[in-house]
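Undergrad:
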Amino acid sequence: MPELPEVETVRCGLLALVRGRTIAGARIFAPRLRSPLPDLASLIGRRVLDIARRGKFLLWDCAGLILVSHLGMSGSWRVGASGRRHDHVELLFAEGLHLTYHDPRRFGSLMLCRKPDELPALAALGPEPFAAEAWDALRGAAQRRRCAIKALLMDQRVLAGIGNIYASEACFRAGIRPLQPARRLAERRLARLLEATRAVLAEAIAAGGSTIADYRAVNGLSGRFQHAFAVYDRAGQPCRVCGAAIRGRIVAGRSTYWCPRCQR
Ligand SMILES: [Zn+2]
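Right under this line is the structure:
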């Protein structure tokens, strides 16, 4: 599932292609993703001024109207006209550029709004992990909540954009067991966790994200950060720091990985 680094990589790829270009057409092939698709005709004739990211959402600034795109589990934007199975939407730009949204598992979404806060999904998001407000948000939530620290990191209302991969990697980097109750962590360790989270996310963005199953950048290239995973998807393999076998367990339906020696 694309997380902050993958969505950021997609954002940069899309922006390089469409910034300043006018949307000349929009075709919908399958009317339903996670929710019904909006009528995209109102985008026609509008210029894409910018594409921003909020958590795992892409916000296309189309001169007064915002196209909000969430990639869900398997969504991708690719250059080229549609024609493949699971192509849902095609945007046609002046000068003949086609962009197609493809989503086999259909957990993604496309929405239209005039202001981001109009959409409950965006209004509910916590701060970006790199924002100055992130520390207060994380510390406040950790004091209140009984849940495991990894679950807290993945809660989009606390910090936006982090999923299972980067929460697992950040916990390793900070030396914290992912199943530790958030409330029991000393403030010093929580501060180290935010620092580790930012470092892992920044490295993953620089590597173009992680490709586990089907994530690709807009140019079709895979990410490279999966080669740098310390714990994620490495159960039974030796820890890169101490050599102990990485543990893996399913907790609340999500796979969780940690090093029994490096993480306390
Ligand atoms: Zn270790």
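Just so you know, we're using the numbering used here here: the sequence shown kicks off at 110 and counts up by one. We treat Cβ as the ideally placed atom computed from N, Cα and C, and that holds for glycine.
#1: Using C-beta distances below 6 angstroms, list every residue in its chain close to Arg-293, excluding the 5 sequence neighbours before and after it, in chain order.
#2: Near Met-263, what residues of its chain come up, given a Cβ to Cβ distance below 7 angstroms and the 5 sequence neighbours on each side ignored?
#3: When you compare only the Cα positions, how much space is there between Arg-187 and Asn-328?
#4: Am I right that Glu-204 and Arg-130 are in contact with their C-beta atoms under 8 angstroms? What's the rounded C-beta distance?
#5: Taking only heavy atoms of ligand 1 into account, decide whether any of them is closer than 7 angstroms to the Cβ of Cys-371.
#6: Rounded to whole angstroms, what is the Cα-Cα separation between Gly-284 and Pro-236?
#7: Kindly indicate which residue of Val-119, Ala-240, Arg-248 has the alpha-carbon position closest to the one of Tyr-210.
#8: So if DSSP puts Arg-343 in a beta bridge, which residue, or which two residues, is it bridged to?
#9: Out of curiosity, what's the CA-to-CA distance linking Pro-93 and Asp-212?
#10: Run through the region 229 to 282 for me and flag every whole alpha helix (DSSP H) of 4 or more residues, listed as ranges in chain order.
#11: For Ser-151, which of helix, strand or coil comes out of DSSP?
#12: Could you check whether the Cβ of Val-350 sits closer than 7 angstroms to any heavy atom belonging to ligand 3?
#13: Run through DSSP, which three-state label would Arg-128 get?
#14: May I ask whether a heavy atom of ligand 1 can be found less than 7 angstroms away from the beta carbon of Cys-368?
#15: Between the Cα of Leu-303 and the Cα atoms of Val-267, Ala-337, Leu-176, which residue gives the shortest distance?
#16: Whole angstroms is fine: what's the gap from Phe-239's alpha carbon to Arg-162's?
#17: Checking 8 angstroms against the spacing of the C-beta atoms, do Ala-339 and Leu-288 come in under that value?
#18: Ala-305: beta carbon under 7 angstroms from a heavy atom of ligand 1?
#19: Just to check my reading of the structure: Ser-144 and Ser-191 have Cβ atoms closer than 8 angstroms, yes? What is that Cβ distance to the nearest angstrom?
#20: Out of Arg-141, Leu-221, Arg-193, which one is the CA nearest neighbour of Ala-172?
#21: Determine the direct distance from the alpha carbon of Pro-225 to that of Thr-306, and round the result to whole angstroms.
#22: Which runs of the beta strand (DSSP E) fall wholly inside the region 166 to 233 and span at least 3 residues, in chain order?
TA: Reading from the atomic positions:
#1: As a position in the sequence shown, residue 293 is number 184, starting the count at 1. Cβ within range, chain order: n/a, list empty.
#2: Taking the sequence shown and counting its residues from 1, the one referred to as residue 263 is at position 154. Once the five neighbours on either side are set aside, the close Cβ partners of Met-263 are Ile-271, Gly-272, Asn-273, Ala-276.
#3: Against the sequence shown, residue 187 aligns to sequence position 78. Against the sequence shown, residue 328 aligns to sequence position 219. Whole-angstrom Cα-Cα distance: 7 angstroms.
#4: Residue mapping note: residue 204 aligns to position 95 of the sequence shown, counting from 1. Residue mapping note: residue 130 aligns to position 21 of the sequence shown, counting from 1. Contact holds; Cβ gap of about 7 angstroms.
#5: The residue you call residue 371 lines up with position 262 of the sequence shown. Answer for Cys-371: yes, Cβ within range of ligand 1.
#6: Within the sequence shown, residue 284 is the residue found at index 175, counting from 1. Within the sequence shown, residue 236 is the residue found at index 127, counting from 1. The alpha-carbon atoms of Gly-284 and Pro-236 are separated by roughly 24 angstroms.
#7: Numbered from 1 along the sequence shown, position 101 holds the residue referred to as residue 210. It is Val-119.
#8: Reading the sequence shown from its first residue, position 234 is the one you call residue 343. Paired residues: none, contrary to the question.
#9: In the structure displayed, the chain extends from 110 to 373; residue 93 sits before or after that span and is not available.
#10: 229 to 232, 243 to 253, 258 to 263
#11: Your numbering for residue 151 matches position 42 in the sequence shown. It is helical.
#12: Ligands displayed in this structure: ligand 1; ligand 3 is not among them.
#13: Stepping through the sequence shown from its first residue, residue 128 is reached at position 19. DSSP places Arg-128 in coil when its eight states are reduced to three.
#14: In the sequence shown, residue 368 corresponds to position 259, counting from 1. Yes, Cβ of Cys-368 sits closer than 7 angstroms to a heavy atom of ligand 1.
#15: The residue given as residue 303 occupies position 194 in the sequence shown. Of the candidates Val-267, Ala-337, Leu-176, the one whose C-alpha sits nearest the C-alpha of Leu-303 is Val-267.
#16: Here residue 239 refers to the residue found at position 130 when the sequence shown is read from its first residue. Here residue 162 refers to the residue found at position 53 when the sequence shown is read from its first residue. Each residue's alpha carbon lies about 13 angstroms from the other.
#17: Residue 339 sits at position 230 when you count from the first residue of the sequence shown. Residue 288 sits at position 179 when you count from the first residue of the sequence shown. Cβ atoms of Ala-339 and Leu-288: not closer than 8 angstroms.
#18: For the purposes of this step, residue 305 is taken as the residue at position 196 of the sequence shown. Because no heavy atom of ligand 1 lies under 7 angstroms away, the Cβ of Ala-305 does not count as near it: no.
#19: Counted from its first residue, the sequence shown places residue 144 at position 35. Counted from its first residue, the sequence shown places residue 191 at position 82. The pair is not a contact, with the Cβ atoms about 20 angstroms apart (cut-off 8 angstroms).
#20: Within the sequence shown, residue 172 is the residue found at index 63, counting from 1. Checking every option, the nearest Cα to that of Ala-172 belongs to Leu-221.
#21: Taking the first residue of the sequence shown as position 1, residue 306 is located at position 197. Taking the first residue of the sequence shown as position 1, residue 225 is located at position 116. When rounded, the distance between both Cα atoms is 25 angstroms.
#22: 166 to 171, 174 to 179, 185 to 188, 196 to 202, 207 to 211, 218 to 222
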